[in-house]
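A.B. asks: Counting from 1, position 232 in the sequence shown corresponds to residue 231 in numbering that gives the first Met the number 0; the numbering is continuous, with no gaps.
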Amino acid sequence: MKTYLGIDIGGTNVVYGVVDDEFGFKYQSTLKTKSVNSAEELALHIFSDLKENYKGKLDGIGIGAPSVNCLTQQIEFAPNLNKWGDIIPLKTIFEGQFKNEVTLINDANAAAVGEKHFGDAREHQNFAVITLGTGVGMGLFVHGKLYTGDHGMAGELGHIVMRSDGRDCKCGNSGCLETYIGKKGIIKTTKEKLEFNSGGSLLHEVSPSLITPLEVFKAAKKNDPVALEVVDLVAKDLGYAIALVVNLFDVENVYLAGGVAKSGNILRKRTEKYMRQFTLPNIREKVKLKISEINDKHGAVLGAAAAIKEFQDKKSN
Ligand SMILES: [Zn+2]
Numbered sequence: 000m001k002t003y004l005g006i007d008i009g010g011t012n013v014v015y016g017v018v019d020d021e022f023g024f025k026y027q028s029t030l031k032t033k034s035v036n037s038a039e040e041l042a043l044h045i046f047s048d049l050k051e052n053y054k055g056k057l058d059g060i061g062i063g064a065p066s067v068n069c070l071t072q073q074i075e076f077a078p079n080l081n082k083w084g085d086i087i088p089l090k091t092i093f094e095g096q097f098k099n100e101v102t103l104i105n106d107a108n109a110a111a112v113g114e115k116h117f118g119d120a121r122e123h124q125n126f127a128v129i130t131l132g133t134g135v136g137m138g139l140f141v142h143g144k145l146y147t148g149d150h151g152m153a154g155e156l157g158h159i160v161m162r163s164d165g166r167d168c169k170c171g172n173s174g175c176l177e178t179y180i181g182k183k184g185i186i187k188t189t190k191e192k193l194e195f196n197s198g199g200s201l202l203h204e205v206s207p208s209l210i211t212p213l214e215v216f217k218a219a220k221k222n223d224p225v226a227l228e229v230v231d232l233v234a235k236d237l238g239y240a241i242a243l244v245v246n247l248f249d250v251e252n253v254y255l256a257g258g259v260a261k262s263g264n265i266l267r268k269r270t271e272k273y274m275r276q277f278t279l280p281n282i283r284e285k286v287k288l289k290i291s292e293i294n295d296k297h298g299a300v301l302g303a304a305a306a307i308k309e310f311q312d313k314k315s316n
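1. In the DSSP assignment, the alpha helix (DSSP H) including Phe-93 goes from what residue to what residue?
2. Where Ala-306 and Pro-224 are concerned, what is the direct C-alpha to C-alpha distance, given to the nearest angstrom?
3. Grab me the residues of Lys-192's own chain with a C-beta within less than 7 Å of its C-beta, minus the 5 sequence neighbours each way, in chain order.
4. Three or more C-beta pairs closer than 8 Å, one from the segment 107-117 and one from the segment 139-148: is that the case here?
5. Taking just the CA atoms, how far does Ile-45 sit from Ala-120?
6. Return yes when the C-beta of Asn-172 is under 6 Å from any heavy atom of ligand 1, and no when it is not.
7. Do the CB positions of Leu-255 and Ile-87 come within less than 7 Å of each other?
8. Starting from Tyr-273, follow the alpha helix (DSSP H) in both directions and report where the run begins and ends.
9. Got a sec? Which residues, its chain only, sit under 6 Å from Asp-167 by beta carbon, not counting five neighbours each side?
10. Does the separation of the CB atoms of Leu-301 and Phe-117 fall below 7 Å?
11. With respect to 6 Å, is the separation between the Cβ of Cys-69 and the closest non-hydrogen atom of ligand 1 below this value?
12. Quick one: any contact between the segment 173-187 and the segment 88-101, if contact means 3 or more CB pairs under 8 Å?
13. With distance defined between alpha-carbon atoms, name the residue in Glu-39, Gly-257, Gln-72 and Thr-270 nearest to His-297.
14. Of all the options Glu-122, Glu-309, Lys-289 and Leu-176, which has the alpha carbon lying nearest to the alpha carbon of Gly-132?
15. Roughly how many whole angstroms lie between the Cα atoms of Asp-7 and Thr-278?
16. Verify whether the separation of the beta carbon atoms of Pro-78 and Lys-169 is less than 7 Å.
17. Ile-159 to Lys-1, Cα distance in whole Å?
18. Quick check on DSSP: helix, strand or coil for Glu-39?
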């Protein structure tokens, strides 16, 4: 039986696990992304942890991370990992540390590969997975294959410009989707709305530094007016962006994954309403917006491990 190491590098957490051929977990762990200062330090940390706590062999390593160029196998200008440098040759770094072959894949693509291998999308040829967290990304399957683009950069949904005079984005542009519906964007919108609210919000009871998207969704479920307004703004931007994807690629199934997707139906239902509003009438009623059923942490790790196979199959074709 073969065993693979799957690693999901997010802006907040790094989650990793050793999985077998059937993708059952043999070991898993997590650490805060900020707790390591470089990719080399991360590779050493995971290597030492496995040496101590797993001890078995590895047949390959799959890594999902933001802003991955899957052609060069590097992280390139990841706004949420800029502390580690502009160009991070992750494949080289991990292969140097582990002496195993490494496959690097965009985190949203990893989520899509996970959905295709283990999730609801097993039978689907065309579908999109949208990841909602610190960053906003997308993995797209077209005709049964992961679409990666000419430069390995396909799916950067978080950096479509919604408002050309909008908020500054770490990518250098202004008004990107991520600046409104990424974790920090949602928090910023909430604080702006609270400033103009005279006190009738549950969120006034939360210390400003402790406001998170999950707090906002919790308050919205209790019909808090400010929280509901924020959720509606997020849903409108997200629904608009998804409608672009649906109109362009005619995907019938769209999945939401990642930390912010955990908020559940309150965001999904409103987003679906706007998505349908902005979608062409002849496909409007056919398109479905679902929350990924794979637990998002496991899903990303499994997807990263499954990427090893996905790309091996591509090479052998
Ligand atoms: Zn941007």
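Glycine is no exception: its CB is placed at the ideal position from the N, C-alpha and C atoms.
C.D. replies: So, from the listed chains and residues:
1. Position 94 of the sequence shown, counted from the start, is the residue given in the question as residue 93. Counting along the chain, the alpha helix (DSSP H) containing Phe-93 begins and ends at 89-97.
2. Along the sequence shown, one-based indexing puts residue 306 at 307. Along the sequence shown, one-based indexing puts residue 224 at 225. Between Ala-306 and Pro-224, the C-alpha separation is close to 43 Å.
3. The sequence position of residue 192 within the sequence shown is 193, counting from 1. Hits under 7 Å: Val-225, Glu-228 and Val-229.
4. yes
5. Residue mapping note: residue 120 aligns to position 121 of the sequence shown, counting from 1. Residue mapping note: residue 45 aligns to position 46 of the sequence shown, counting from 1. Taking the straight line from one Cα to the other gives about 31 Å.
6. Taking the first residue of the sequence shown as 1, we reach residue 172 at position 173. For ligand 1, at least one heavy atom lies less than 6 Å from the Cβ of Asn-172.
7. Looking up residue 255 in the sequence shown gives position 256. Looking up residue 87 in the sequence shown gives position 88. Cβ atoms of Leu-255 and Ile-87: not closer than 7 Å.
8. As a working mapping, residue 273 is identified with position 274 in the sequence shown. If you look at Tyr-273, you'll find it in the alpha helix (DSSP H) that goes 264-277.
9. For the purposes of this step, residue 167 is identified with residue 168 of the sequence shown, where counting begins at 1. Excluding residues within five positions, the ones whose Cβ falls inside 6 Å are Ser-173.
10. In the sequence shown, counting from the first residue as 1, residue 301 sits at position 302. In the sequence shown, counting from the first residue as 1, residue 117 sits at position 118. With contacts defined as CB atoms closer than 7 Å, Leu-301 and Phe-117 qualify as a contacting pair.
11. Stepping through the sequence shown from its first residue, residue 69 is reached at position 70. Not under cutoff, so the answer is no.
12. no
13. Within the sequence shown, numbered from 1, the residue matching residue 297 stands at position 298. Nearest neighbour of His-297 by Cα position, chosen from Glu-39, Gly-257, Gln-72 and Thr-270, turns out to be Gly-257.
14. Taking the first residue of the sequence shown as position 1, residue 132 is located at position 133. For the residues Glu-122, Glu-309, Lys-289 and Leu-176, the minimum Cα distance to Gly-132 belongs to Leu-176.
15. As a working mapping, residue 7 is identified with position 8 in the sequence shown. As a working mapping, residue 278 is identified with position 279 in the sequence shown. About 32 Å.
16. One-based indexing of the sequence shown puts residue 78 at position 79. One-based indexing of the sequence shown puts residue 169 at position 170. Yes, Cβ-Cβ distance for Pro-78 and Lys-169 is below 7 Å.
17. Counting from 1 along the sequence shown, the entry for residue 159 is found at position 160. Counting from 1 along the sequence shown, the entry for residue 1 is found at position 2. For Ile-159 and Lys-1, the distance between alpha carbons rounds to 40 Å.
18. As a working mapping, residue 39 is identified with position 40 in the sequence shown. The answer is helix: DSSP assigns Glu-39 an H, G or I state.
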